[in-house]
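Mapped onto the UniProt record's numbering, the consecutive letters of the sequence shown carry residue numbers 1 to 317. Heads up, the beta-carbon is just placed ideally off N, CA and C, and yes, glycines get one too.
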Amino acid sequence: MLRVRPWRGVSALLSGGRSPAWSSNRSPNRSRTAEARLDISGIYPPIATPFTASEDVDYQRLEENLQKYAKIPFRGLVVQGSNGEYPFLTEEERVEVVRAVRQSLPTDKLLMAGSGCESTRATVRLSEKMAAAGADAVLVVTPCFYKGKMDSSALIQHFTKVADSSPVPVVLYSVPANTGLELPLDAVVQLSQHPNILGLKDSGGDVRNISTLTFMKKRTFYMDPPCGVAALANVLGREVCELERLCVSGRWEEARVLQQRLIEPNAAVTRKLGVPALKQAMEWFGFHGGACRSPLQPLTEAETQQLRRDFSSSGWL
Numbered sequence: 001m002l003r004v005r006p007w008r009g010v011s012a013l014l015s016g017g018r019s020p021a022w023s024s025n026r027s028p029n030r031s032r033t034a035e036a037r038l039d040i041s042g043i044y045p046p047i048a049t050p051f052t053a054s055e056d057v058d059y060q061r062l063e064e065n066l067q068k069y070a071k072i073p074f075r076g077l078v079v080q081g082s083n084g085e086y087p088f089l090t091e092e093e094r095v096e097v098v099r100a101v102r103q104s105l106p107t108d109k110l111l112m113a114g115s116g117c118e119s120t121r122a123t124v125r126l127s128e129k130m131a132a133a134g135a136d137a138v139l140v141v142t143p144c145f146y147k148g149k150m151d152s153s154a155l156i157q158h159f160t161k162v163a164d165s166s167p168v169p170v171v172l173y174s175v176p177a178n179t180g181l182e183l184p185l186d187a188v189v190q191l192s193q194h195p196n197i198l199g200l201k202d203s204g205g206d207v208r209n210i211s212t213l214t215f216m217k218k219r220t221f222y223m224d225p226p227c228g229v230a231a232l233a234n235v236l237g238r239e240v241c242e243l244e245r246l247c248v249s250g251r252w253e254e255a256r257v258l259q260q261r262l263i264e265p266n267a268a269v270t271r272k273l274g275v276p277a278l279k280q281a282m283e284w285f286g287f288h289g290g291a292c293r294s295p296l297q298p299l300t301e302a303e304t305q306q307l308r309r310d311f312s313s314s315g316w317l
């Protein structure tokens with residue numbers, strides 16, 4: 001499972017408290033105190049995008065999934081992340097999906113919308129559109145097409161310009177398995193000082209980065225309780241939320257037992273078999289997953305059998 005690591009500066013800590021959700025009266029100036037206003041701790045499924053047989057976005061099935069997710073104690077939803085197949089959607093589709101989710105989502109739930117594009121200018125524009133569509137925060141992936149030129153200097157400039165312009169808080173998104181580019185730690189530390197950058201969604205899988213970041217930031221920052229962005233929450237949402245509750249309440253032995261049961265299914269729908277596996281598992285557990293948009297292909301029969309074993313070996317099927 002993936003974690004967003006929120007941070008707050010000392011000045012925000014001294015200025016007092018956090019509200020439970022972001023005000024709907026947004027402006028760039030207000031957003032720059034994001035870390036004092038938006039509590040993102042909790043569990044978020046990075047929701048899938050259902051498609052019709054003709055590969056159009058299936059808004060009816062999306063709504064049916066949202067109604068089921070509303071009954072699970074999620075803090076909110078991540079929309080148009082990697083599991084939402086955002087690279088295969090047009091800009092108009094990406095915004096419309098976010099708008100549809102916001103209209104359905106209970107007002108006490110947060111919506112984090114993927115707005116990353118390859119150019120800074122396009123990312124700024126899409127972030128503004130996502131905010132207008134109802135996003136409480138934007139998730140901005142590292143630009144990667146010219147990854148050989150995406151050093152710390154280029155990435156700091158990119159994310160700073162995006163954060164300067166965004167009407168809502170920004171969460172950095174590093175997913176090297178897809179981009180071939182890891183957000184350098186020195187860039188993360190510098191960007192963490194920006195008042196409109198709320199945290200980092202680190203999908204790199206290297207847990208050593210957590211301790212390194214904590215050491216590098218400890219003199220001026222502290223880490224808030226993390227939020228979990230877990231693909232498996234699309235399938236076993238109540239169980240993932242229960243794992244968080246056990247950890248927060250210090251019931252570590254119960255948490256360890258539950259975590260052990262979640263490890264194989266989580267690996268299956270992420271690094272092993274990816275989005276097609278996630279969508280297949282959703283179908284088994286009463287949600288609408290369906291087919292991916294081309295060129296992503298459905299699981300082979302052997303992969304489907306492996307996926308079933310990964311869920312059944314831990315007692316979920």
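Which residues in the same chain have their Cβ closer than 7 Å to the Cβ of Leu299, if we skip the five residues on either side of it in sequence? Leu273, Pro276, Ala277, Gln280, Leu307
Cβ-based neighbour list, Lys68, same chain, cut-off 8 Å, excluding 5 preceding and 5 following: Gly286, Phe287
Between Asp151, Leu126, Gly237, which lies nearest to Leu258 when the distance is taken from Cα to Cα? Gly237
Under 8 Å, do Pro167 and Glu118 count as touching if we go by C-beta distance? no
Take Pro176 and list the residues in its own chain whose beta-carbon comes closer than 6 Å to its own, dropping the five residues that flank it on each side. Glu182, Gly204
What distance in whole Å lies between the Cβ atoms of Gly76 and Glu126, which are believed to be in contact at a cut-off of 8 Å? Looking at the sequence provided, one finds Leu at residue 126 rather than Glu. Contact flag wrong, Cβ pair sits at about 19 Å.
Collapsed DSSP secondary structure at Asp310 in the structure displayed: helix
Three or more C-beta pairs closer than 8 Å, one from the stretch 73 to 87 and one from the stretch 44 to 57: is that the case here? yes
Is the beta carbon of Ala268 closer than 8 Å to that of Asp202? no
Within this structure, are the beta carbons of Val95 and Leu66 separated by less than 8 Å? no
Among the residues of its own chain, which have a CB less than 8 Å from the CB of Asn25, if the five just before and after it don't count? At Asn25, the pLDDT of 37 sits below 50, so the modelled position is not reliable; the number obtained from the coordinates is stated separately. Closer than 8 Å at Cβ, skipping near neighbours: no residue.
Met130 and Val140 - do their beta-carbons sit closer together than 8 Å? no
Span separating the alpha-carbon of Arg305 from that of Val248: Here residue 305 is Gln; the residue named in the question, Arg, does not match the sequence. Using only the alpha carbons, I get a separation of about 35 Å.
Can you tell which of Asn196, Asp39, Glu55 has the C-alpha that lies nearest to the C-alpha of Gly289? Glu55
From Gly199 to Glu283, what does the alpha carbon distance come to, in whole angstroms? 32 Å
Under the three-state reduction of DSSP, which class applies to Phe145: helix, strand or coil? coil
Where does Cys292 sit, in a helix, a strand or coil, going by DSSP? coil
Please state whether DSSP places Asp164 in a helix, a strand or coil. helix
Tell me whether Val235 sits in a helix, a strand or coil according to DSSP, three-state version. coil
Buried or exposed for Phe145, going by 16 or more other Cβ atoms inside 10 Å? exposed
Among Asp186, Asn266, Gly315, Thr142, which one has its Cα closest to the Cα of Ala122? Thr142
Identify every run of the alpha helix (DSSP H) within the stretch 165 to 201, keeping only runs that are complete inside it and at least 4 residues long; order them along the chain. 176 to 179, 185 to 191
Alpha carbon to alpha carbon, how far is Val171 from Ala135? Give it in angstroms, no decimals. 12 Å
For Glu35, the three-state DSSP class (helix, strand or coil): Residue placement at Glu35 cannot be trusted, given a pLDDT of 45 that sits under 50; what the coordinates show is reported in the next sentence. Helix.
Which value, in whole angstroms, describes the spacing of the CA atoms of Gln60 and Val98? 14 Å
For a test of the three-state rule: what should DSSP assign to Leu317, helix, strand or coil? coil
On the DSSP letters alone, give me the boundaries of the alpha helix (DSSP H) that Ala113 sits inside. Looking at the DSSP string, Ala113 is not in any alpha helix (DSSP H); the run it does join, the beta strand (DSSP E), is 110 to 114.
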